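Data block below; observations after.
Protein chains: 2
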Amino acid sequence: MLPDQQLLRIPGPTPIPPSVARAMSRPMIGHRDPETAELLEKIKPGLQAVFGTTQDVLILAGSGTAGLEAAVTNAVKPNEEALVIVTGAFGDRFYKICQAHDIKAHRIDVPWGEAVSPDQVKAHLNEHTDIKAVFMTYCETSTGVLNPIADIAKVVREHSDALTIVDGVSCVGGVETKMDEWGIDLIITGSQKAMMLPPGLTFLVASERAWKVMEANDRPRFYFDLRTYRNKLAQNSTPYTPALSLLFGLEQVLKLMKEERMEQVFERHRVMKEMTREAFKALNIPLLTTDKDASPTVTAVKPVDFSADDLRQVAKKEFGMSLAGGQQHLKGKIFRVGHMGYSSPADVLQYLGVIEIALRKVGKDIELGKGVQAAQKVYLGQ
Amino acid sequence: MLPDQQLLRIPGPTPIPPSVARAMSRPMIGHRDPETAELLEKIKPGLQAVFGTTQDVLILAGSGTAGLEAAVTNAVKPNEEALVIVTGAFGDRFYKICQAHDIKAHRIDVPWGEAVSPDQVKAHLNEHTDIKAVFMTYCETSTGVLNPIADIAKVVREHSDALTIVDGVSCVGGVETKMDEWGIDLIITGSQKAMMLPPGLTFLVASERAWKVMEANDRPRFYFDLRTYRNKLAQNSTPYTPALSLLFGLEQVLKLMKEERMEQVFERHRVMKEMTREAFKALNIPLLTTDKDASPTVTAVKPVDFSADDLRQVAKKEFGMSLAGGQQHLKGKIFRVGHMGYSSPADVLQYLGVIEIALRKVGKDIELGKGVQAAQKVYLGQ
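Chains as they are written, first to last, in this note's numbering: chain A, 1 to 382; chain B, 1 to 382.
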């Protein structure tokens, strides 16, 4: 292994573009000085483009989970009912947060590796008419599933008065997101995935409907009170000290996205997904999800005749390549490859080449180069 | 193409390890302060290990060419005779420097892509008995040839009193170099190749024999007068302002080399060479050099049925990957891939995967994945 070479292929944190790392090394500025206000003003349109919204994009210093908790505590009062769609570990996290905040949470449990169907949601809403919010995950990081949030939002709107609340942490910025058009009421993401930044920021956007509910919500909250963030943002400010270097980096991330164009960003992620999936198919190694349910940002592979964790160890030890393992009941049973943010088809070719070698090293008898070839064909449109 | 992604695969400048980039961002220090003296003292043993010498390794702020000129002007007086072995563009540069300094330079011209044979040198030295120095290139960057400098040094020593002077710019640090054991009298390298640093430093090491000649040489010289560097280095100092950030980086480079061990550094370069060569052979694309003459640091490929420059353009435009072209009469006829310094087998798999796609894009009908497969087999020892 080459010292100091890390090939980070987990579904977040993801590699940081060099120009973003440079931007983040700018000297500190006063967080109440005009430079900070100008910065907050400047990044607004780029962030709105990422979410497909004309609403304010709120930025909190915190992890993605902070964003999820802020969504729960602002949108739902104690003892109100909510529905949580659980398609993996992060749907489960929404449920736990609801429980911690005395929300009467129902759950729809979908087998890990599958997406929820709008019909399941419809049936549940028709049965339970007091549900105030439906929580769901856009990309379920733990399984690589992309849930059909546009379809679900439609069902929720048609069959209830509930808010549609989406955890978009591991895909917003890499996958098309049309919050306004799709009727999403609250969407959250983090900085460390398709947003090409280190961890430390969470972004939240609320619809007008959601704001009405949140304004009227008298649940005790302080740091997570989104009303204060909205009020301060109107003055290009923040209620509490912002994570300034991450904002410097964010400004550069949005420049890069604009340069590439969002449509091309999404297309690049689609191509990386197809390359990855076709490679494992060519190698006869099962994928956890179907093509239809698969996320453009992360792919879960479910080996039947070798150990996922042994493979990850070989990749790490020999090539400095980090692949993710499974979570909860999938621990040891799958491995996951992140292909989002600052990642390219050339990076896909690299990890496939490495994984093929690692497969041989763990005793899996594959034809070397076959997965790479399948990926190259995808790139060439063949 | 992913904005801000550059895959630098030319034979120098080469990618910089992240820890080296960080080390280089240290604040400036006083170049006459004790910190600089400590730094110069600290890096001595690591540098000596790179060259295989117990002699002082002199460091000049300048490019590799500055080092070549310093070697010429210190080792040879005006009107003395010298022999220059020209196996490519950089042998030719030695010749031009000799001409600029009124040295009676003979040359042995070897077809580009081949190494010189010790017998050719022996024959020349037996015929011309007044030769004071024999100039040669270790790795000829323009062709990817590694000249057998140990054998040539032996012939020079046995058949003349000439000094053996070696341009090691594009390989020292990546290829075994035993200056003392092999009887090299003067060897030069640059910072931007296997030394994993940005351009800006040149390193020179002289044998005791060379020092005797250089001490006695009264040719006018100032910045390039190696005597002043040697005298100052004895006090852990430099005659003129050193390129401090590059020295900060060098300290870290030497740490990385020590961590990996020099034997493993050389083995990694050998593996990268074999992977690259076997890949092109599997794709039926001719290499410029034979296996015997090939350098572990750079491989030149000589297409017969597609344009090398078209291929380079596709790699650059679609993947941000820089491959080098040919120089002088090989311009447009070859392309060159650098695999030295901060480069790993995983990087080789990446550029091969990319080059295969680019080959298809320029109309070359190869079997996708076949080159990658051959490289994987080399890695696996199959």
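Just so you know, even glycine gets a beta-carbon here, dropped at the ideal spot from N, CA and C.
Because the structure is a prediction, the values reported are computed rather than measured.
Item checked: Helix, strand or coil at E114 (chain B) [DSSP, three-state] -> coil
Notebook entry, point to check: Does the count of Cβ pairs from the segment 257-268 of chain A and the segment 362-378 of chain A closer than 8 Å reach three?
Noted result: no
Next item on the list: Compare the C-alpha of A300 (chain B) against each of B:V134, B:R336, B:K281 and name the closest.
Entry: B:R336
Next item on the list: Quick one: give me the first and last residue of the alpha helix (DSSP H) that A374 (chain B) is part of.
Entry: Start and end: 370-380.
Notebook entry, point to check: Given that M321 (chain B) touches chain A, what residues does it touch there, using C-beta distances under 8 Å?
Noted result: Within 8 Å Cβ-Cβ: A346.
Checklist line | Alpha carbon of P239 (chain B) to alpha carbon of G249 (chain A), nearest angstrom | finding: 41 Å
Next item on the list: On a CA-only basis, which of B:L323, B:M321, B:E69, B:M24 is nearest C98 (chain B)? Give me that one, please.
Entry: B:E69
Next item on the list: Starting from L250 (chain A), find everything on chain B with Cβ-Cβ shorter than 9 Å and list it in chain order.
Entry: Near L250 (chain A) there are no residues of chain B at all, since even the closest Cβ is about 15 Å away, more than 9 Å.
Notebook entry, point to check: With a Cβ-Cβ cutoff of 9 Å, do V253 (chain A) and M340 (chain A) count as a contact?
Noted result: no
Margin query: Please list, in chain order, the chain A residues whose beta carbon lies closer than 7 Å to that of L311 (chain B).
Written below: Those within 7 Å of L311 (chain B) in chain A number zero; the least Cβ separation is about 15 Å.
Item checked: Within 9 Å, strictly: CB atoms of M214 (chain B) and D167 (chain B) -> Contact: no.
Note to self: Please give me, in chain order, every unbroken run of the beta strand (DSSP E) with length at least 3 that falls completely inside the segment 1-62 of chain A.
What the structure shows: 57-61
Notebook entry, point to check: Nearest-angstrom Cα distance between Y342 (chain A) and I16 (chain A)?
Noted result: 6 Å
Item checked: Interface partners of R9 (chain A) on chain B, CB under 7 Å -> Within 7 Å Cβ-Cβ: nothing; R9 (chain A) doesn't reach chain B, min ~11 Å.
Item checked: Contact check, C171 (chain B) vs L204 (chain B), beta carbons under 9 Å -> no
Notebook entry, point to check: For V436 (chain A), which residues in chain B fall below 9 Å Cβ to Cβ?
Noted result: This structure leaves residue 436 (chain A) out entirely; chain A is present only between 1 and 382.
Note to self: Against chain B, does P3 (chain A) count as a neighbour if the rule is that its beta carbon must be under 9 Å from one of theirs?
What the structure shows: yes
Next item on the list: For P319 (chain A), collect the residues of the same chain with a Cβ closer than 7 Å to its Cβ; drop the 5 residues on either side in sequence, then sort them by chain order.
Entry: Sequence check: residue 319 (chain A) is Phe here, not Pro. These residues qualify, in order along the chain: M1, L7, V354.
Notebook entry, point to check: Looking at the structure shown, is M257 (chain A) part of a helix, part of a strand, or coil, going by DSSP?
Noted result: helix
Note to self: Using DSSP's beta-bridge definition, name the partner residues of R209 (chain A).
What the structure shows: Bridge partners of R209 (chain A): none, in fact.
Margin query: Can you tell me which residues form a DSSP beta bridge with A82 (chain B)?
Written below: B:A105, B:A133
Check: For the alpha helix (DSSP H) that contains V156 (chain A), what are its first and last residues?
Finding: V156 (chain A): member of the alpha helix (DSSP H) spanning 149-159, first to last residue.
Check: Mapping DSSP to helix, strand and coil, what is T238 (chain A)?
Finding: In this structure, T238 (chain A) counts as coil in the three-state DSSP scheme.
Next item on the list: Return helix, strand or coil for M340 (chain A), following the three-state DSSP convention.
Entry: coil
Next item on the list: Use the C-beta contact count for P303 (chain B): other C-beta atoms within 10 angstroms, 16 or more gives buried, fewer gives exposed.
Entry: buried
Item checked: Same chain, Cβ closer than 6 Å to V155 (chain A), neighbours up to 5 away in sequence not counted -> P118, V121, K122
Checklist line | chain A contact residues for I357 (chain B), given Cβ-Cβ distances below 7 Å | finding: Q376, Y379, L380
Next item on the list: Would you mind stating whether Q5 (chain B) and S344 (chain A) have Cβ atoms separated by less than 9 Å?
Entry: yes
Margin query: Less than 9 Å between CB atoms is the rule here; does P17 (chain B) satisfy it with respect to chain A?
Written below: yes
Check: Does the distance from the CB of A194 (chain A) to the CB of H269 (chain A) come in under 9 Å?
Finding: yes
Next item on the list: Report yes or no: is there a C-beta of chain A within less than 9 Å of the C-beta of R360 (chain B)?
Entry: yes
Check: Does S25 (chain B) come within less than 9 Å of chain A when only Cβ atoms are used?
Finding: yes
Item checked: Straight-line gap, E41 (chain A) to L60 (chain A) (C-alpha atoms, nearest Å) -> When rounded, the distance between both Cα atoms is 15 Å.
Check: For I97 (chain B), does the three-state DSSP call read helix, strand or coil?
Finding: helix
Item checked: Nearest-angstrom beta carbon gap, P199 (chain A) and S191 (chain A) [assumed within contact, 8 Å] -> Confirmed, about 6 Å.
Next item on the list: Rounded to whole angstroms, what's the CA-CA distance from A66 (chain B) to I187 (chain B)? Just pull it up for me.
Entry: The alpha-carbon atoms of A66 (chain B) and I187 (chain B) are separated by roughly 13 Å.
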